[in-house]
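A.B. asks: Take a look at the following structure, please.
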Ligand SMILES: [Mn+2]
């Protein structure tokens, strides 16, 4: 039956241990009736303690962990790396080569959380295509995404563009078609124009050749804009979303994140060995007197004394 096991691949380093545990636990809880899975983690430097935390998270679950070393840096010579992203974003295109024994895999960013049935996603028909993904909501077409070189490559302006956070990959087709090599060639050729790192190359190589998954399977949540509606009921996001993707630079495990869906994130974290963990305020916040004022006010007796002193001494200094 091992051929039927759901194969998930992700990549993480020590800075991503908290979201990695959340992804793993959410997968285990939402595998689907009777299903089992293997979670392959491309280990970008987690360290023994963090690896142990993940193993403990999945100890009694139907998900096995396998550790994989990252591909050699030379594979990615000459590809563009800039902004808040490092070379590890390119690991997803190395999946066909890193896992020669697998026929199919679901690549998931470590900033994702599974809410729907992983087995349902795994069983979706690929219609003979090398990839299934979700169309991007901001940069939805080659033209609007300004996909470098799309005209010269004969890609239609209205060709759909996907978000690279979740990729269901037919690895046999990727290997047979040399798709990763095409993406690397493209990434070097258009290095100066690329905006979305490897995502541009995957889109250019597979334009018009991928299955469009329902939006539910990569529901993007912008934690930098808590007021902007995600279209989800924060009490029951699972009613609409199969996978949450915390794709913005602000993440639920950051101190300044106030997005209502962080509650969902911490509900899963609290079912792992890091239960109760919350982000600590950065130094910047500790040096702010309003921060301490708010903390003191929230203490039962001290708060009343503090408020009385403030009012008595300072008058109406807001
Ligand atoms: Mn992501």
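Residue numbers (this note's numbering): 6 to 323.
For each residue, glycine too, the CB sits at the ideal point set by N, CA and C.
(1) Look at residue 166 and residue 185 and say whether their C-beta atoms are less than 7 Å apart.
(2) Out of 58, 45, 192, point me to the one whose CA is closest to residue 23's CA.
(3) Measuring from the CB of residue 227, is there a heavy atom of ligand 1 at a distance below 6 Å?
(4) Run the proximity test for residue 116: is its beta-carbon closer than 6 Å to any non-hydrogen atom belonging to ligand 2?
(5) For the alpha helix (DSSP H) containing residue 273, list its first residue and its last residue.
(6) Return yes when the Cβ of residue 16 is within less than 7 Å of the Cβ of residue 62, no when it is not.
(7) With DSSP as the reference, label residue 178 as helix, strand or coil.
(8) Specify, as a first and last residue, the run of the beta strand (DSSP E) that residue 225 falls within.
(9) In the structure shown, what three-state DSSP assignment does residue 45 receive?
(10) If we call anything under 7 Å between Cβ atoms a contact, is residue 69 one with residue 100?
(11) Report the option in 146, 73, 316 whose CA atom is closest to the CA atom of residue 298.
(12) Would you report the Cα separation of residue 234 and residue 34, rounded to the nearest angstrom?
(13) Taking Cβ positions, are residue 243 and residue 120 nearer each other than 7 Å?
(14) I'd like to know if the stretch 219-229 and the stretch 168-187 are in contact, where contact means that at least 3 CB-CB pairs between them fall below 8 Å.
(15) Our contact map puts residue 36 next to residue 123 with C-beta atoms below 8 Å; I'd like the distance itself, whole angstroms only.
(16) Give, in chain order, every unbroken run of the beta strand (DSSP E) that is at least 3 residues long and sits entirely within the stretch 6-88.
(17) Does DSSP put residue 279 in a helix, in a strand, or in coil?
(18) Whole angstroms are fine: how far does the CA of residue 210 sit from the CA of residue 369?
(19) Contact check, residue 14 vs residue 112 under 8 Å by CB: the rounded distance?
(20) Assuming residue 118 contacts residue 27 under a Cβ cut-off of 8 Å, what Cβ separation, rounded to an integer in Å, is found between them?
(21) Sort 199, 229, 216, 309 by Cα distance to residue 133 and report the nearest one.
(22) Excluding the 5 residues preceding and the 5 following residue 3 in the sequence, name in chain order all residues of the same chain whose CB lies nearer than 7 Å to its CB.
(23) DSSP on residue 207, reduced to helix/strand/coil?
(24) By DSSP, does residue 201 sit in helix, in strand, or in coil?
(25) Considering only heavy atoms of ligand 1, does any lie closer than 6 Å to the CB of residue 170?
(26) Just to check my reading of the structure: residue 115 and residue 25 have Cβ atoms closer than 8 Å, yes? What is that Cβ distance to the nearest angstrom?
(27) Looking only at its chain, what residues have a beta carbon closer than 7 Å to the beta carbon of residue 273, apart from the 5 residues adjacent to it on each side?
C.D. replies: Here's the rundown:
(1) no
(2) 58
(3) no
(4) Here the bound small molecules are ligand 1; ligand 2 is not part of this structure.
(5) 267-274
(6) no
(7) helix
(8) 224-226
(9) strand
(10) no
(11) 316
(12) 26 Å
(13) yes
(14) yes
(15) 5 Å
(16) 11-17, 42-48, 68-73
(17) coil
(18) What is shown of the chain runs 6 to 323, which leaves residue 369 out entirely.
(19) 5 Å
(20) 6 Å
(21) 216
(22) The question about residue 3 has no answer here: the residues shown for the chain are numbered 6 through 323.
(23) helix
(24) coil
(25) yes
(26) 5 Å
(27) 27, 30, 31, 118
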